[in-house]
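Q: The sequence shown finishes on residue 972 if you use this note's numbering, and the numbering steps up by one all the way, no holes.
Where a beta carbon is used, it is the ideal one built from N, C-alpha and C, also for glycine.
Just so you know, these numbers come straight off a predicted model, no measurement behind them.
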Amino acid sequence: MDRLFQNHRIRARQSLEGLWDFGKMRALSIDGLAENIDYDYKLAVPGCWEMHPQLLTYRGHGIYRRSIYIDNTAHVRLLFKGVSHTAKVYWDGQQVAEHYNAYTAFDTTIMNVEPGAHELCVEVDNSFGQHSALHLPNDYYTYGGMIRPVIIEILPLQSCSIQWVQFTPIKEDWTTDEEGNWQANVRIALQSHADHDIKGHIQFELSPLQQSTLWKQELPEITLKAGQYLEFTHTFTFSNIQSWSCEHPYLYEWQTLWYQHQSNTVELVDDWVERVGFRTINTYEGKLLLNHQPIVLKGFNRHEDHPMVGASFPIALMVQDLELMIHTGANAVRTSHYPNDERFLDLCDEYGILVWEENHARGLSIEDMRHPQFIEQCEQVNREMVTQHYNHPSIIIWAILNECASDQEEGRVHYQHQLEQIRSLDHSRPLSFASHHRENEICFDLADIVSFNLYPGWYGDEDPGELCDLARQWADQAGGKGKPMIMSEFGADGFYGYRSPNRVKGTEERQADIIESNLRAYNERAYISGMFIWQFCDCRVTEEGIWPMMRARTQNNKGIVDGYRRPKLAYEVVTRYFK
């Protein structure tokens with residue numbers, strides 16, 4: 394299951410979840426699928442290979458294999474929701490796809506597949522090296538494997554498939570419009586798989602979840618030439634709509650149907666189902682506005698990391714994380730530092746949890762940003778993050794380049810380029826980035842929201858309130874005057890079970906004290922639009938680089954719960970302030 398609902402009802406599709414053959418490799422192949430591989434293991438897909446008792450610390454190259462049976466001649470679409478970190482896909486020994494980045498999906502379509510048994514192999518690489526500008530030794534662990542669901546879809550011959558649908562709710566005037574009146578811009582992409590011209594029409598339907606159709610509209614007939622890719626946009630008006638909010642996360646089902654015209658018949662051939670919410674998000678006079686009302690984000694930075702499953706979360710553990718957050722009174726989560734599993738975003742849509750989602754680029758120096766593939770790889774993850782997660786009403790902020798070189802003119806060029814790229818993909822959400830450069834920051838004029846990563850009480854003895862006021866001044870002087878301000882990271886280490894009346898650093902008591910002093914200061918300041926504690930849960934860090942010397946037990950221990958989600962003393966402190 395790759396979503397929490399049926400993304401397709403007409404299109405034939407199946408999860409490839411299960412046990413796959415797996416073997417280690419010395420390197421990704423260059424000229425084709427490597428031969429004479431020993432498939433010594435059986436690994437779960439989705440899953441991380443570090444969960445196997447003989448692969449607990451394995452970093453390198455591996456290959457997955459399984460057999461696929463096709464009943465009738467068809468076009469076969471393979472959808473990979475996340476392979477960590479670089480993937481090559483082979484169908485019957487021939488390479489059909491390659492993808493960089495563990496945290497966004499990719500797909501490939503194999504045309505005119507004959508009936509019978511076929512071999513699917515996926516080479517996976519989570520090693521560090523010159524081939525990657527973004528995947529570096531870091532303050533979190535990059536697991537290996539096919540960490541998110543894999544889906545196979547059967548596309549009919551001589552037909553058309555819906556590639557994607559983007560739904561943008563619009564409410565121009567909250568002062569005069571009736572509450573239930575909304576508009577939406579809907580973009581759709583079609584791909585012909587036929588070798589001749591085909592005709593058909595699109596029908597859209599809107600329904601409250603698990604209820605009868607509320608609204609339906611059919612578009613005029615269109616003609617697609619052989620192999621044509623087509624994008625178009627329509628604007629629709631709706632009445633009697635309930636808005637999506639934290640308190641009432643009301644969701645609708647938006648169904649797109651492709652009817653193909655053949656001779657004198659009309660046949661329903663393909664569909665695309667999304668869950669959407671009607672809400673607006675914007676900034677005004679230093680405030681963040683949800684549905685035209687000021688809102689303060691109170692939440693956590695969260696890594697996809699768990700001792701039992703690595704980065705490959707089942708639904709039950711995602712729900713547990715959200716329930717623990719909600720119990721504190723939290724209303725927001727930051728997907729530090731990469732796009733999250735889309736099923737987690739589906740849950741945020743359902744629970745009414747607001748999401749700051751950001752690209753995969755953390756702590757890069759100016760030397761790192763000079764990597765010859767930096768621009769290309771960032772553009773790719775930005776594009777895939779925004780286009781794949783566009784329809785989630787819970788996502789209210791896109792962000793980039795956490796703690797990178799935004800204090801240098803050379804770095805500013807990259808910040809400007811990436812923010813402009815995301816605005817071209819989605820103009821409906823505000824943009825931000827988390828900075829730790831204090832008074833040396835020079836890029837706040839490029840963002841819609843100014844955000845600071847500061848750790849008073851842990852990395853220094855500064856007073857949180859005084860430092861926060863200084864940060865507001867720095868932001869104003871760096872082009873952020875009049876913009877909302879978010880404290881995007883603050884916190885302290887706390888080793889689970891290490892308690893002492895002396896309250897020294899590392900004890901649960903000291904962690905609770907530091908977080909309380911920060912929360913008290915930020916709650917007292919009206920100019921604060923959000924606060925994200927670093928972090929929700931303890932997480933593993935890489936053994937490579939500087940991190941083992943900085944993080945005891947190769948763990949970042951700043952979670953308010955430990956890796957197994959056992960609450961520390963800070964958990965109750967957060968609950969008092971958030972609630």
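#1: Where do the ends of the alpha helix (DSSP H) carrying D433 lie?
#2: On the premise that I545 lies in contact with I1031, defined as a C-beta separation below 8 Å, what is that separation, rounded to the nearest angstrom?
#3: Quick check on this structure: which residue in Q576, P562, T721 and T450 has the alpha carbon closest to the alpha carbon of A963?
#4: Count the C-beta pairs between the segment 601-610 and the segment 572-586 that are closer than 8 Å, then say yes if the count reaches three, no if not.
#5: Whole angstroms are fine: how far does the CA of G745 sit from the CA of E640?
#6: Rounded to the nearest angstrom, what separates L448 and G440 at their Cα positions?
#7: Which of the three DSSP states, helix, strand or coil, is assigned to W867?
#8: Do N694 and S638 have their CB atoms nearer than 8 Å?
#9: Alpha carbons only, please: which of Y848, K876, W851 and E832 is nearest the one belonging to W867?
#10: Tell me the DSSP secondary structure of C981 in three-state form.
#11: Out of H468, Y534, E803 and R406, which one is the CA nearest neighbour of D698?
#12: Assuming L710 and L747 make a contact with CB atoms under 8 Å, what is their CB distance in whole Å?
#13: What are the start and end residues of the beta strand (DSSP E) that includes Q559?
#14: Please list the segments of the beta strand (DSSP E) lying wholly inside the segment 705-755, counting only runs of 3 or more residues, in order along the chain.
#15: Starting from F398, trace the beta strand (DSSP E) both ways and give me its first and last residue.
#16: Rounded to the nearest angstrom, what separates P732 and W749 at their Cα positions?
#17: Using only CA atoms, which one of I815, P542 and S758 lies nearest to E777?
#18: Can you check which of these residues, R736, E796, S881 and V806, is closest to R763 by C-alpha distance?
#19: Looking only at its chain, what residues have a beta carbon closer than 8 Å to the beta carbon of T501, apart from the 5 residues adjacent to it on each side?
#20: Bridge partners of A945, per DSSP?
#21: With distances taken Cα to Cα, identify the nearest neighbour of S656 among A480, G593, I842 and D761.
#22: Work out the CA separation of E646 and Y652 for me, nearest whole Å.
#23: Assign L683 to one of three DSSP states: helix, strand, or coil.
#24: Give a yes or no on contact between the segment 918-933 and the segment 675-685, applying the rule of three or more CB pairs nearer than 8 Å.
#25: At what residue ranges does the segment 892-932 contain a whole run of the beta strand (DSSP E), taking only runs of 3 or more?
#26: When burial is assigned at 16 or more other CB atoms within 10 Å of the CB, is A792 buried or exposed?
#27: With DSSP run on the structure shown, which of helix, strand or coil describes P857?
#28: Tell me the DSSP secondary structure of V774 in three-state form.
#29: Based on DSSP bridge pairs, tell me the residues matched to L471.
#30: What are the start and end residues of the beta strand (DSSP E) that includes F971?
#31: What is the residue span of the alpha helix (DSSP H) that S477 lies within?
#32: Give me the Cβ distance between D886 and K898, rounded to the nearest whole Å; I'm assuming they're in contact under 8 Å.
#33: For I595 and S554, I'd like the C-alpha separation in whole angstroms.
#34: Are the CB atoms of H478 and E516 nearer to each other than 8 Å?
#35: Going straight from the alpha carbon of G411 to that of Y957, what length do you get?
#36: If I'm right that S636 touches F671 with Cβ under 8 Å, what's the distance once you round it to whole angstroms?
A: With the structure as the only source:
#1: Annotation: D433 is outside any alpha helix (DSSP H) and is labelled neither H nor E by DSSP.
#2: Because the chain is modelled from 394 through 972, residue 1031 falls outside the range shown and cannot be assessed.
#3: For A963, the closest alpha carbon among the candidates Q576, P562, T721 and T450 is that of T721.
#4: No, the segment 601-610 does not touch the segment 572-586.
#5: If you draw a straight line from the Cα of E640 to the Cα of G745, it is about 7 Å long.
#6: Those two C-alpha atoms are separated by around 12 Å.
#7: Helix at W867.
#8: No. Outside cutoff.
#9: Of the candidates Y848, K876, W851 and E832, the one whose C-alpha sits nearest the C-alpha of W867 is E832.
#10: Residue 981 cannot be examined here, being either before or after the span of the chain that is shown, 394 to 972.
#11: The shortest Cα separation from D698 among H468, Y534, E803 and R406 belongs to Y534.
#12: Contact doesn't hold; Cβ gap of about 21 Å is too wide.
#13: Counted as a single uninterrupted DSSP element, the beta strand (DSSP E) harbouring Q559 occupies residues C553 to I563.
#14: Counting only runs of 3 or more, we get 725-728 and 747-751.
#15: From DSSP, F398 is part of no beta strand (DSSP E); its letter is neither H nor E.
#16: Linking P732 to W749 through their CA atoms gives a straight-line distance of about 10 Å.
#17: When each option's Cα is compared against that of E777, the closest is I815.
#18: R763 has its Cα closest to that of V806, out of R736, E796, S881 and V806.
#19: So the qualifying residues of the chain are R470, L471, V482, V489 and A490.
#20: Answer is none; A945 lacks a bridge partner.
#21: Of the candidates A480, G593, I842 and D761, the one whose C-alpha sits nearest the C-alpha of S656 is G593.
#22: Y652 and E646 have their C-alpha atoms roughly 19 Å apart.
#23: In the structure shown, L683 sits in a strand (DSSP, three-state: E or B).
#24: Yes, the segment 918-933 touches the segment 675-685.
#25: Unbroken beta strand (DSSP E) runs of no fewer than 3 residues, entirely contained in the segment 892-932, are found at 921-926, following chain order.
#26: By the 10 Å Cβ count, A792 comes out buried.
#27: Under the three-state reduction of DSSP, P857 is assigned to helix.
#28: If DSSP states are grouped into helix, strand and coil, V774 belongs with the helices.
#29: T501 and I545, per the DSSP bridge assignment.
#30: Taken as a continuous stretch (DSSP letters only), F971 belongs to no beta strand (DSSP E), being part of the alpha helix (DSSP H) at L962 to F971.
#31: Unbroken run through S477: none, as it is neither H nor E.
#32: Contact between D886 and K898 holds, with the beta-carbon distance rounding to 7 Å and staying under 8 Å.
#33: One C-alpha to the other measures close to 11 Å.
#34: Taking a C-beta distance under 8 Å as the contact criterion, H478 and E516 do not qualify as a contact pair.
#35: In this structure, the straight-line span from the alpha carbon of G411 to that of Y957 is close to 25 Å.
#36: Between S636 and F671 a beta carbon distance of about 5 Å is seen, short of the 8 Å cut, so the two are scored as contacting.
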